[in-house]
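S.K.: Pasting in a structure now, in structure tokens, and then I'll have a few things to ask.
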Amino acid sequence: MGSDTDLLVMKDAAKILDMFGVTHEVKIVSAHRTPEMMYTYATSAHSRGVQVIIAGAGGAAHLPGMVASLTPLPVIGVPVQATRLDGVDSLLSIVQMPRGVPVATVAINNATNAALLAVRMLGISDNDLVSRMRQYQEDMRDENLNKGEKLETQGWESYLNQ
7 MGSDTDLLVM
17 KDAAKILDMF
27 GVTHEVKIVS
37 AHRTPEMMYT
47 YATSAHSRGV
57 QVIIAGAGGA
67 AHLPGMVASL
77 TPLPVIGVPV
87 QATRLDGVDS
97 LLSIVQMPRG
107 VPVATVAINN
117 ATNAALLAVR
127 MLGISDNDLV
137 SRMRQYQEDM
147 RDENLNKGEK
157 LETQGWESYL
167 NQ
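This is how it looks when you write it as structure tokens:
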């Protein structure tokens, strides 16, 4: 992430990766304040065994794109709402990458989906992660069905007043 203020959003990615048992690093690496550190991190990631990079940034949000330009690894960008523009500036900075420098981009502040996408990418070569992802999807389905049943049983007013 580009700044410690991004941690409020990026913690959600760490929680998901922890839940799936995926080893990960949580670091502050700024494209603007510590460009040398960003360069070293991105260029050494593959040789250190990193397989996917999740990069969150707000405002100008150059971190995901700059990292993607320096590594052969997949990069998932998380636009962080950090300015008066509600994160739209970050979203556009990350999603509008030039041809040849791809960054998979999730919704504003949606580090959860970034981590879930990373788990799916890692699952290409890890059947255990595929099994865990299937279970996660089943659990989400069951939770949704239970909520639907509860709504039908209680009625919408009672359901909302819980």
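Position 18 (the sequence shown) corresponds to 24 in the working numbering; numbering is contiguous. Just so you know, even glycine gets a beta-carbon here, dropped at the ideal spot from N, CA and C. If you're wondering where the values come from, they're calculated on a predicted model, not measured in any experiment.
What did DSSP end up calling G154 once you bin it into helix, strand or coil?
M.R.: In the structure shown, G154 sits in a helix (DSSP, three-state: H, G or I).
S.K.: Touch check for the stretch 135 to 155 and the stretch 44 to 53: three-plus C-beta pairs under 8 Å?
M.R.: no
S.K.: Cβ atoms of I100 and T111: under 7 Å apart, would you say?
M.R.: yes
S.K.: From L40 to F26, what does the alpha carbon distance come to, in whole angstroms?
M.R.: It should be pointed out that residue 40 corresponds to Thr in this sequence rather than to Leu. Computed Cα separation, rounded: 31 Å.
S.K.: Less than 7 Å between the beta carbons of A121 and I34, yes or no?
M.R.: no
S.K.: Look at the Cβ atom of L69, then the Cβ atom of G8, and state whether they are nearer than 7 Å.
M.R.: yes
S.K.: Is the beta carbon of V125 closer than 7 Å to that of M103?
M.R.: no
S.K.: Which one or two residues does DSSP pair with V81 in a beta bridge?
M.R.: Beta bridge pairing from DSSP links V81 with I59.
S.K.: I'd like the list of long-range same chain contacts for P108, defined as Cβ closer than 7 Å, with 5 residues on each side in sequence excluded.
M.R.: A74
S.K.: If you measure from the CB of G161, is any heavy atom of the ligand ZN nearer than 6 Å?
M.R.: Judged by which ligands are present, the structure shown has none, so any question about the ligand ZN falls away.
S.K.: Ignore the nearest five residues each way along the sequence and tell me which others in L135's own chain have a CB closer than 7 Å to its CB.
M.R.: Within the same chain, F26, V125, L128, G129 come within 7 Å of L135 by CB-CB distance, once the 5 residues on both sides are set aside.
S.K.: For N115, collect the residues of the same chain with a Cβ closer than 8 Å to its Cβ; drop the 5 residues on either side in sequence, then sort them by chain order.
M.R.: V15, V84, P85, V86, Q87, G93
S.K.: Which of the three DSSP states is assigned to A67 in this structure?
M.R.: Of the three classes helix, strand and coil, the one that applies to A67 here is coil, per DSSP.
S.K.: If the criterion is Cβ atoms closer than 7 Å, does the pair T118 and D18 meet it?
M.R.: yes
S.K.: Report all residues from its chain with a CB closer than 6 Å to the CB of V32; omit the five preceding and five following residues, and keep chain order.
M.R.: A20
S.K.: Cα-Cα, which of H52, A63, V28, S53 is closest to S96?
M.R.: A63
S.K.: Would you tell me roughly how many angstroms separate the C-alpha atoms of A66 and T77, rounded to the nearest one?
M.R.: 20 Å
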